[in-house]
Every structure is written in C-alpha cells, then in structure tokens.
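Using full-length UniProt numbering, the letters of the sequence shown map in sequence onto residues 1 to 316. C-beta: ideal position from N, C-alpha, C; glycine also.
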Amino acid sequence: MLKRIEISQLRVGMFIESLEGPWLNSPLAGRRFLLESETDAQTLKRSNLSGIFINTAKGVDVPSTAKASAAVDKMRLNLQTPVRQKRQREAIARILSDATAMLKGVFDGASAGGDVTVAMVAPIVAQITQASQRHGDIILSMTRLKTLDEATFLHSIAVSALMIRFGRYLNLDEQTIRTLGMAGLLHDIGKLSVPSELLSKDCALSESEMYLMREHPSKGHATLSRQPDMPEIVLDVCLHHHERIDGKGYPRALAGDEISRYARIAAICDVYDAITSARPYKKAWSAQEASTWMLERKGYFDRALLLQFLNGVLHS
1 MLKRIEISQL RVGMFIESLE GPWLNSPLAG RRFLLESETD AQTLKRSNLS GIFINTAKGV
61 DVPSTAKASA AVDKMRLNLQ TPVRQKRQRE AIARILSDAT AMLKGVFDGA SAGGDVTVAM
121 VAPIVAQITQ ASQRHGDIIL SMTRLKTLDE ATFLHSIAVS ALMIRFGRYL NLDEQTIRTL
181 GMAGLLHDIG KLSVPSELLS KDCALSESEM YLMREHPSKG HATLSRQPDM PEIVLDVCLH
241 HHERIDGKGY PRALAGDEIS RYARIAAICD VYDAITSARP YKKAWSAQEA STWMLERKGY
301 FDRALLLQFL NGVLHS
C-alpha cells in the first residue's frame, strides 16, 4: 500500500517509492529502495523534500492514528493511576521471580544430568503466555536489566515472551504459539555446557573459546532429544537459532529456506533481546538502535520476518 508521509515521520526500515519536492540533486533521487541506514534517513531529513511516498507492503509503516490515539489514552491512564501501574509492575515482578526460580530448577537438574521434560516447562510457558498477553511491554522492560547470576534465565524468559508475541502477530494457532514459547525458554539450554567465565566475558572470545560457545546448540539439542514427547519445533529452534540466511551461521551453515520459519523467528527474537539488554559490562541499546543495526546486517535474518517483527511486534 502506497502512503505519503511527512519527512519527520521517516525511519529506518521504510520502503521508499518516490520523493516529493526539489529532489533532483539528491543522490537518492529516482530510486525505489529499502531505507536501511540512519545515515540515509538523516540525508533525506536534511533535504528540501516536502514529502515521501512509502510502500507499507515492502517495509515498515508509521504508527496508525488509532494506535497513536490508543497509546496516548494508555499513557493518560497510567499517569492518572500510578498506584495501578505500580501494582501491575509488582505483579509482573512476582511472575518473573517465580518463572526464574522454576526455570533455574529445571536448568540445575539438567546440569546434574537430569532430564528436561515438557511437563516441567509447561507451567512456566503458561505463566509467560498469560502475562505477555496482558502486560507484554512491562515484561520486556523488566527483563532488560540482567545480572550475571540471572542473565541466562531472564534472557530465556524474554525470548519466550517475544516469540509468543510474534506468533500472535503472525496469527499462528494457540498450540503453536505455546510451543514457540517453550522453544524460546529452552533455546539456550546448551549453554549449561559452556564455562560460566565464557558466558560473562566482556571481550572478544579466542578461537578455542568460540568453538566451545558454538557447541551449545548441538549440546542443547542432545539434551532435549532424550525426551520422546519434546516438540519438533523446540528441538529445531534449539539447534538452529544461530543459523543465518546467508549460510554463514552455525552449527550446520544452513541457508535460506533450509532454515525453518520457527528458527528464523527465534534468531530475530534472540538477537533483539541480547542487544537491548543491559549487562554489568554493556549498555542496553534502544529499540531504534537495535532496529537499525539488525536491518543493516544483510544476510543475518529473514528480511520479511524482520520487517514484520519491527513493524508489528515492537510497534503494536
């Protein structure tokens, strides 16, 4: 769908169909293109253009008036009821605390050689599913600050919540959505085999250290495969969430359609949470910084799914 927007509404991820105004001297004149860098966005914003036509079927859209109005109403409600907002955050904090404790118990058992069963994980997924349906934004904001002790657990919970939210946006059936939530929760279980000092290292890994790190999808897959009722989607996501569309990922260097849709969804959610989370050794990126970086990583992600994630999941 073609839409005319003001220059001030321009953002990375939009597909530019045409420019309106005195644009002939612009290096971007006459081109139809996906706006993939903040540099090009700023170039257009500094021009004398009076407007821009975008194609919302090929790129991200501006928030609709209805959404903007709803956001304003929500903000007003929150301002009017600080006690209610505080209670909501306290309720989510309790849910996250319970979910983290339960997940830690599952992971501790796996570290000791025990099995990870669907029955163990299902109650955690149910909690996250219910909470993310009502308070998705709050959950994501509260999982962004991660201490070293809880980083793996909160990252898993956040990825689970993002995959549930993405599944809803894609209109998947409820069973598949819950399975995606389970996949997000268990995608990094193989990191139990990685030395803790590597997981918390704040500088580049050596070649031997990178080899150990890149073993975690296979190790996790082996752990989960011991259960005959473990859903195939969960196994697939665990093994393939670090594959890349250009075939330069791991562990199997799959490319394009060789990577399942669910693993491609997981790759987006996994990276997004990682780069927008604060750790003791790194600052969290904003949603806009993360969006720009991910769009500029050509060959990393499924471009169509990434645009749906950025346009629908983050701005819905």
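Spatial neighbours of L24 in its chain, beta-carbon cut-off 7 Å, leaving aside the 5 residues before and after = Annotation note: pLDDT 47 at L24 (below 50); position unreliable, no value reported.
For H241, which option in A204, K282 and D188 has the closest C-alpha, if you only look at C-alpha atoms? D188
- Message: Here's the rule: buried if 16 or more other CB atoms are within 10 angstroms of the residue's CB, otherwise exposed. What is Y211?
- Response: exposed
Kindly confirm or deny that the segment 167 to 174 and the segment 112 to 126 touch, where touching means at least three C-beta pairs closer than 8 Å. no
Reduced DSSP secondary structure (H/G/I, E/B, other) of R165:
helix
Rounded to a whole number of angstroms, what is the C-alpha to C-alpha distance between V72 and L310?
With a pLDDT of 49 at V72, under the threshold of 50, the predicted position of this residue should be treated as unreliable, and no value is reported.
Query raised in the report: Roughly how many whole angstroms lie between the Cα atoms of G105 and C203?
Result: 30 Å
- prompt: Hey, F15 and I52 are a contact pair by Cβ (cut 8 Å); roughly how many whole angstroms apart?
  reply: Contact doesn't hold; Cβ gap of about 11 Å is too wide.
Kindly indicate the opening and closing residues of the alpha helix (DSSP H) around residue 317.
-> The structure shown does not extend to residue 317, since the chain is modelled only from 1 to 316, so the question has no answer here.
What is the DSSP secondary structure of N55, counted as helix, strand or coil?
strand
> Straight-line CA distance for D40 to R46?
Replying inline: 10 Å
G181 burial status per 10 Å Cβ neighbour count (16 or more: buried) | buried
Considering only the alpha carbon of each residue, which of S193, F107 and A131 lies closest to R94? A131
- Query: With a CB to CB cut of under 6 Å and the five nearest residues on each side skipped, what residues in its chain are close to I275?
  - Reply: W285 and A290
Assign M230 to buried or exposed, taking buried as 16 or more other Cβ atoms, counted over all protein chains shown, within 10 Å of its Cβ. buried
Presumed contact (8 Å Cβ cut-off) between L198 and E209, rounded CB distance: 6 Å
How far does the alpha helix (DSSP H) with E232 in it reach, from first residue to last? E232 to H240
#### Entry: Candidates V60, F153, V62 and T56: closest to D98 by CA position
F153
Check your understanding: When the Cα atoms are used, what is the spatial distance from Y272 to Q288?
Key -> 11 Å
With DSSP run on the structure shown, which of helix, strand or coil describes F309? helix
If contacts are defined as beta-carbon pairs under 8 Å, then C238 and P217 qualify, I think. What distance do you get, rounded to the angstrom?
6 Å
- Query: In its own chain, which residues sit with a C-beta less than 6 Å from the C-beta of Q9, not counting the 5 before and 5 after it?
  - Reply: V62
Buried or exposed by the 16-neighbour rule on C-beta atoms within 10 Å, applied to L295: buried
Q | Per-residue DSSP class, three states only, for L314 | A | coil
On a Cα-Cα basis, can you pick out the residue from V159, L49, V60 and N48 that is closest to F33?
V60
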